[in-house]
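A.B. asks: The structure's right below; bear with me while I get my questions together.
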Amino acid sequence: MTLSPSLFLPHPSSISTSLFKSNSNANQFIFPTKAPKISIHRRFLSGYWILPSDSPGKARAKTRELILGNPSVTVEKGKYSYDVETLINKLSSLPPRGSIARCLEIFKSKLSLNDFALVFKEFAQRGDWQRSLRLFKYMQRQIWCKPNEHIYTIMISLLGREGLLEKCSEIFEEMPSHGVARTVFSYTAVINAYGRNGQYHTALELLDRMKKEMILPSVLTYNTVINACARGGLDWEGLLGLFAEMRHEGVQPDLVTYNTLLSACASRSLGDEAEMVFRTMNEGGIVPDITTYSHLVETFGKLGKLEKVSELLKEMESGGNLPDIMSYNVLLEAYAQLGSIKDAMGVFRQMQAAGCVPNAATYSILLNLYGRNGRYDDVRELFLEMKASNTEPDAATYNILIQVFGEGGYFKEVVTLFHDMVEENIEPDMETYEGLIFACGKGGLQEDAEKILLKMNEKGIVPSSKAYTGVIEAYGQAALYEEALVAFNTMNEVGSSPTVETYNSLIHTFARGGLYKECEVILFRMGESGVARNVDSFNGIIEAFRQGGQFEEAVKAYIEMEKARCDPDERTLEVVLSVYCIAGLVDESVEQFQEIKATGTLPSVMCYCMMLAVYAKSDRWDDAYELLDEMLTNKVSSIHQVTGQMIKGDYDDDSNWQMVEYVFDKLNSEGCGLGMRFYNTLLEALWWLGQKERAARVLNEASKRGLFPELFRYSKHVWSVDVHRMWEGGAYTAISLWLNNMYEMFMTGEDLPQLASVIVVNEA
Numbered sequence: 001m002t003l004s005p006s007l008f009l010p011h012p013s014s015i016s017t018s019l020f021k022s023n024s025n026a027n028q029f030i031f032p033t034k035a036p037k038i039s040i041h042r043r044f045l046s047g048y049w050i051l052p053s054d055s056p057g058k059a060r061a062k063t064r065e066l067i068l069g070n071p072s073v074t075v076e077k078g079k080y081s082y083d084v085e086t087l088i089n090k091l092s093s094l095p096p097r098g099s100i101a102r103c104l105e106i107f108k109s110k111l112s113l114n115d116f117a118l119v120f121k122e123f124a125q126r127g128d129w130q131r132s133l134r135l136f137k138y139m140q141r142q143i144w145c146k147p148n149e150h151i152y153t154i155m156i157s158l159l160g161r162e163g164l165l166e167k168c169s170e171i172f173e174e175m176p177s178h179g180v181a182r183t184v185f186s187y188t189a190v191i192n193a194y195g196r197n198g199q200y201h202t203a204l205e206l207l208d209r210m211k212k213e214m215i216l217p218s219v220l221t222y223n224t225v226i227n228a229c230a231r232g233g234l235d236w237e238g239l240l241g242l243f244a245e246m247r248h249e250g251v252q253p254d255l256v257t258y259n260t261l262l263s264a265c266a267s268r269s270l271g272d273e274a275e276m277v278f279r280t281m282n283e284g285g286i287v288p289d290i291t292t293y294s295h296l297v298e299t300f301g302k303l304g305k306l307e308k309v310s311e312l313l314k315e316m317e318s319g320g321n322l323p324d325i326m327s328y329n330v331l332l333e334a335y336a337q338l339g340s341i342k343d344a345m346g347v348f349r350q351m352q353a354a355g356c357v358p359n360a361a362t363y364s365i366l367l368n369l370y371g372r373n374g375r376y377d378d379v380r381e382l383f384l385e386m387k388a389s390n391t392e393p394d395a396a397t398y399n400i401l402i403q404v405f406g407e408g409g410y411f412k413e414v415v416t417l418f419h420d421m422v423e424e425n426i427e428p429d430m431e432t433y434e435g436l437i438f439a440c441g442k443g444g445l446q447e448d449a450e451k452i453l454l455k456m457n458e459k460g461i462v463p464s465s466k467a468y469t470g471v472i473e474a475y476g477q478a479a480l481y482e483e484a485l486v487a488f489n490t491m492n493e494v495g496s497s498p499t500v501e502t503y504n505s506l507i508h509t510f511a512r513g514g515l516y517k518e519c520e521v522i523l524f525r526m527g528e529s530g531v532a533r534n535v536d537s538f539n540g541i542i543e544a545f546r547q548g549g550q551f552e553e554a555v556k557a558y559i560e561m562e563k564a565r566c567d568p569d570e571r572t573l574e575v576v577l578s579v580y581c582i583a584g585l586v587d588e589s590v591e592q593f594q595e596i597k598a599t600g601t602l603p604s605v606m607c608y609c610m611m612l613a614v615y616a617k618s619d620r621w622d623d624a625y626e627l628l629d630e631m632l633t634n635k636v637s638s639i640h641q642v643t644g645q646m647i648k649g650d651y652d653d654d655s656n657w658q659m660v661e662y663v664f665d666k667l668n669s670e671g672c673g674l675g676m677r678f679y680n681t682l683l684e685a686l687w688w689l690g691q692k693e694r695a696a697r698v699l700n701e702a703s704k705r706g707l708f709p710e711l712f713r714y715s716k717h718v719w720s721v722d723v724h725r726m727w728e729g730g731a732y733t734a735i736s737l738w739l740n741n742m743y744e745m746f747m748t749g750e751d752l753p754q755l756a757s758v759i760v761v762n763e764a
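Right, dumping it as structure tokens:
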């Protein structure tokens, strides 16, 4: 049996040199080129438009862009008749000084005014007011196609949307001189033009003027005026006056009228007024819609009286006017945003008692609310209730469940949910796949991530940057460096641009193995691609130097981080502490530990374990015991207490060890990245404190939770122990376990492998 220091894994060409090559080999580290620059379209003509002199105020409209002839802008075939489509296309390709007369010459006996109305509507949809105005002015001079009131109305509406109030007024005022009588439609159009541009005083003057001309306003006219006045700041009494005026004139308010008034209440926080409008609405037999309830929720939400909305719903229920599901969902969403589970569930039970059947959106709101508050058992129970009530979950429901359980650390449950979703014939969307792969990446489930990626490819779905980042993360947690690079290269080949999260995931993948040269190259390429480094990028490179034994370079990276004006976070301070502790610099470690405390943040349990290890290695036992007592008496964090008691030996029996397992599970739910840091620091402390049996037990717990999957490899011919991602204490613990297993086999007469390999450095 021989002991080999080499790595028995597929060995691609050196990453640090191959990174600079640009061939299409999937094993190469290929970075995307910079995105092409986007050309900027220039404005050719601009001008100011002045309100008519009879307006109470002057205002400049927005600068308008001149739309030139463009033959490529053609109308969709079959949308209109052949002649209408032909005319639209001819006019679209007409240059600024082209002849309208020539365009219309062949259509003299073919097009009606209704056809011309369609032409104006098409240009209105495009916002092409210049072409519309030229055509309109030409038609005014003709006998065969002189515009009627319908075309005038379209033209006024178009110019109003563009803020060209002077031209609106001009066209409106010249209607009688062209033999076109003004009706409620043209008046409403011009009122809307002024109203939408903040000129509600002019809108009110026009309303009075149309009445003097014996033209009766319609409900649309009043809705337009009320909306303009509400947005313009007319006081509540003025709005109520308009509402009373329309009813006095026999114009019945509709849903839009009431919603407009409720919108005004919401913007002004008028609770009593909103309640009055809502009751009047119900008495008038107008059925509220989702907009109605949204305004009510906004109003009473601002006042801190959401329960008032629930009371109004109860009034409707008792009056035999059952609110629809949307009304309850709006209120549920409001309580969910406040994080109020009790109130949200109260509304949920209220709607059930009223006989209103919850839909998928209802359950999705509550599932998300429970999940955000960490009540995972309630999430499961509510989901089962949803299925039992025959409410079919949709993709949005599953997306919420996947997100909730993924963030909660139930990574395998997320994969189970996906299989359940497929069995229910619910089509996953990109959000589904992103949530799934994120969970797989965080939980180190690289095989599941691969299967999901394969499923996406089979369906012809191009994975997003977020999905590929999750795959890279999953490979990284398993120390599958080559696979992570292949995923990155594939990402570039399919056109998914790496984000800063993608690069950081790749950096941390190599950093955990101490492959600092590769991390440096990734940082360099990251800069070349125009992706700015952030605090997580620097944390990764510092970790890479530390794990690779390059302590001075790690400190230099920290200094460079400060020069780059990148503020360190809690993780930065922790990783810098790890540099000093691994290097055996006790005084610097103590200083860094005190600096963390000075921030007002409780140092993590990893920081405490690192300090225990560095004190033990330097025989400063009094300091070690004092720090251990500090952990035991910590009233803020149960994790610190339990870890301290476990180190002390208080939880060695099986019944008490469950407390330790609970802490391990809780930390495991935060993801493999945190898990590896935690176990490395804990094993470091236990080993140097001389608690080697306890360290072996902790290492077994780490393996049970899927961490360090590369650690032990057994086959008939080769046994290997790979400790390249472990700290010194963890490496000694793992090698001791490995040798003890081999010794036991030898003593029992079992066959030993032909080769034994200890891997302490991985050259990727």
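Each residue of the sequence shown is one higher than the one before, counting from 1 in UniProt numbering.
All residues carry an ideal CB built from backbone N, CA and C; glycine is no exception.
If I measure Cβ to Cβ from K121 and keep anything under 8 Å in the same chain, skipping five residues before and after, which residues do I get?
C.D. replies: What you label residue 121 is simply residue 121 of the sequence shown in a count that begins at 1. Counting only Cβ-Cβ distances below 8 Å, and skipping sequence neighbours, we find I154.
A.B. asks: For V379, I'd like the list of residues in its chain whose CB is within less than 8 Å of its CB, leaving aside the five on either flank, ordered along the chain.
C.D. replies: On the sequence shown, residue 379 is found 379 positions in, with the first residue counted as 1. Taken in chain order, the residues that qualify are L367, Y370, G371, L401, V404, F405.
A.B. asks: Use the C-beta contact count for R97: other C-beta atoms within 10 angstroms, 16 or more gives buried, fewer gives exposed.
C.D. replies: Position 97 of the sequence shown, counted from the start, is the residue given in the question as residue 97. Under this definition R97 is an exposed residue.
A.B. asks: Taking L331 as the reference, give the member of S537, S318, M351 with the closest Cα.
C.D. replies: In the sequence shown, the residue the question calls residue 331 occupies position 331. Considering only alpha carbons, the answer is M351.
A.B. asks: What residue from L135, S169, S177 has the CA that sits closest to T188's CA?
C.D. replies: The count along the sequence shown starts at 1 and reaches residue 188 at position 188. Looking at the Cα atoms, S169 is the closest of the given residues.
A.B. asks: When the distance is taken between beta carbons, is T260 closer than 7 Å to N227?
C.D. replies: Against the sequence shown, residue 227 aligns to sequence position 227. Against the sequence shown, residue 260 aligns to sequence position 260. Yes.
A.B. asks: On the three-state DSSP scale, how would you describe F593?
C.D. replies: The residue you call residue 593 lines up with position 593 of the sequence shown. Here F593 sits in helix by DSSP.
A.B. asks: Can you tell me the Cβ-Cβ gap for T391 and A360, rounded? I've got them flagged as a contact below 8 Å.
C.D. replies: The residue labelled residue 391 in the question sits at position 391 within the sequence shown. The residue labelled residue 360 in the question sits at position 360 within the sequence shown. The pair is a contact, with the Cβ atoms about 6 Å apart (cut-off 8 Å).
A.B. asks: Quick one: which unbroken alpha helix (DSSP H) runs of 4-plus residues sit fully inside the region 513-539? Chain order, please.
C.D. replies: Here the runs fully enclosed are 516-528.
A.B. asks: How do the region 539-546 and the region 513-520 stand: do at least 3 beta-carbon pairs fall below 8 Å, yes or no?
C.D. replies: yes
A.B. asks: Quick check on N762: buried or exposed, where buried means 16 or more other Cβ atoms within 10 Å of its Cβ?
C.D. replies: As a position in the sequence shown, residue 762 is number 762, starting the count at 1. With 16 or more other Cβ atoms within 10 Å, it is buried.
A.B. asks: For A395, collect the residues of the same chain with a Cβ closer than 7 Å to its Cβ; drop the 5 residues on either side in sequence, then sort them by chain order.
C.D. replies: One-based indexing of the sequence shown puts residue 395 at position 395. So the qualifying residues of the chain are I426, E427, P428, D429, T432.
A.B. asks: Counting along the chain, where does the beta strand (DSSP E) carrying I759 start and finish?
C.D. replies: Walking along the sequence shown from the start, residue 759 turns up at place 759. First-last of the beta strand (DSSP E) with I759: 755-759.
A.B. asks: Measure from the alpha carbon of G548 to the alpha carbon of each residue in Q594, K108, W727, then state which is nearest.
C.D. replies: One-based indexing of the sequence shown puts residue 548 at position 548. Out of Q594, K108, W727, W727 has the C-alpha closest to the C-alpha of G548.
A.B. asks: Distance, Cα to Cα, Q754 vs S715?
C.D. replies: Here residue 754 is taken as the residue at index 754 of the sequence shown, counted from 1. Here residue 715 is taken as the residue at index 715 of the sequence shown, counted from 1. Their Cα atoms are separated by approximately 10 Å.
A.B. asks: Between N114, E205, I171, which lies nearest to R134 when the distance is taken from Cα to Cα?
C.D. replies: What you label residue 134 is simply residue 134 of the sequence shown in a count that begins at 1. Closest by alpha carbon: I171.
A.B. asks: Applying the criterion that 16 or more other CB atoms from any shown protein chain within 10 Å of the CB defines a buried residue, is G279 buried or exposed?
C.D. replies: One-based indexing of the sequence shown puts residue 279 at position 279. The question names Gly, but residue 279 is Arg in the sequence shown. R279 is exposed by the Cβ-count criterion.
A.B. asks: Output the distance between the C-alpha atoms of N70 and G127, rounded to the nearest integer angstrom.
C.D. replies: The residue labelled residue 70 in the question sits at position 70 within the sequence shown. The residue labelled residue 127 in the question sits at position 127 within the sequence shown. Summary for N70: the model assigns pLDDT 47, below 50, so the residue's position carries little reliability, and this model does not support an answer.
A.B. asks: From which residue to which residue does the beta strand (DSSP E) around R713 run?
C.D. replies: Looking up residue 713 in the sequence shown gives position 713. Residues 712-714.
A.B. asks: How many Å lie between E684 and M659 at the Cα?
C.D. replies: Mapped onto the sequence shown, residue 684 falls at position 684. Mapped onto the sequence shown, residue 659 falls at position 659. Their backbone Cα atoms lie some 21 Å apart in a straight line.
A.B. asks: Which word fits G584, buried or exposed, when buried means at least 16 other C-beta atoms lie within 10 angstroms of its C-beta?
C.D. replies: Here the question's residue 584 lines up with position 584 in the sequence shown. With fewer than 16 Cβ atoms within 10 Å of its Cβ, G584 is classed as exposed.
A.B. asks: Taking all protein chains shown into account, decide if H717 is buried (16 or more other Cβ within 10 angstroms of its Cβ) or exposed.
C.D. replies: Stepping through the sequence shown from its first residue, residue 717 is reached at position 717. Label assigned to H717: exposed.
A.B. asks: Which residue's Cα is closest to the Cα of L255: V277, E245, W236?
C.D. replies: For the purposes of this step, residue 255 is identified with residue 255 of the sequence shown, where counting begins at 1. The candidate whose alpha carbon is nearest that of L255 is V277.
A.B. asks: Could you compute how far the alpha carbon of F136 sits from the alpha carbon of G238?
C.D. replies: Taking the first residue of the sequence shown as 1, we reach residue 136 at position 136. Taking the first residue of the sequence shown as 1, we reach residue 238 at position 238. The alpha-carbon atoms of F136 and G238 are separated by roughly 38 Å.
A.B. asks: I need the straight-line Cα distance from K635 to E574, nearest angstrom please.
C.D. replies: The sequence position of residue 635 within the sequence shown is 635, counting from 1. The sequence position of residue 574 within the sequence shown is 574, counting from 1. Going from the Cα of K635 to the Cα of E574 covers about 21 Å.
A.B. asks: Return helix, strand or coil for S720, following the three-state DSSP convention.
C.D. replies: Within the sequence shown, residue 720 is the residue found at index 720, counting from 1. S720: strand per DSSP, three-state reduction.
A.B. asks: Hey, is Y187's beta-carbon within less than 7 Å of any beta-carbon in chain D?
C.D. replies: This model lacks chain D altogether, as it is built from one protein chain only.
A.B. asks: Please report how far the alpha carbon of A388 lies from the alpha carbon of T257, in whole angstroms.
C.D. replies: The residue labelled residue 388 in the question sits at position 388 within the sequence shown. The residue labelled residue 257 in the question sits at position 257 within the sequence shown. CA-CA distance, A388 to T257, rounds to 41 Å.
A.B. asks: Could you tell me the boundaries of the alpha helix (DSSP H) in which M276 lies?
C.D. replies: Here residue 276 corresponds to residue number 276 of the sequence shown, with the count starting at 1. Looking at the DSSP string, the run of the alpha helix (DSSP H) that includes M276 is 271-283.
A.B. asks: For the ligand ADP, I want to know if G346 counts as a neighbour, meaning its beta carbon is within less than 6 Å of at least one of the ligand's heavy atoms.
C.D. replies: Here there are no bound small molecules, and the ligand ADP is not part of this structure.
A.B. asks: By Cβ distance below 6 Å, which residues in the same chain neighbour R565 in space, the five residues on each side in sequence not counted?
C.D. replies: Position 565 of the sequence shown holds residue 565. Excluding positions up to five away in sequence, the list is empty.
A.B. asks: Using the C-alpha atoms, what's the distance from R196 back to I88?
C.D. replies: On the sequence shown, residue 88 is found 88 positions in, with the first residue counted as 1. On the sequence shown, residue 196 is found 196 positions in, with the first residue counted as 1. Taking the straight line joining both Cα atoms gives about 28 Å.
A.B. asks: Along the alpha helix (DSSP H) that carries K137, what are the first and last residues, could you check?
C.D. replies: Residue numbering aside, residue 137 sits at position 137 when the sequence shown is read from its first letter. 129-140 is the extent of the alpha helix (DSSP H) around K137.
A.B. asks: Three or more beta-carbon pairs under 8 Å between the region 729-744 and the region 673-683, yes or no?
C.D. replies: Contact between the region 729-744 and the region 673-683 is present: 3 or more CB-CB pairs across the two stretches fall below 8 Å.
A.B. asks: Looking at C-alpha atoms only, which residue of S578, Q140, E528, M561 is the closest neighbour of R512?
C.D. replies: On the sequence shown, residue 512 is found 512 positions in, with the first residue counted as 1. If we check each option's Cα against that of R512, S578 comes out closest.
A.B. asks: With a 10 Å radius around its C-beta and 16 neighbouring C-beta atoms as the bar for buried, classify R533 as buried or exposed.
C.D. replies: In the sequence shown, counting from the first residue as 1, residue 533 sits at position 533. It counts as buried.
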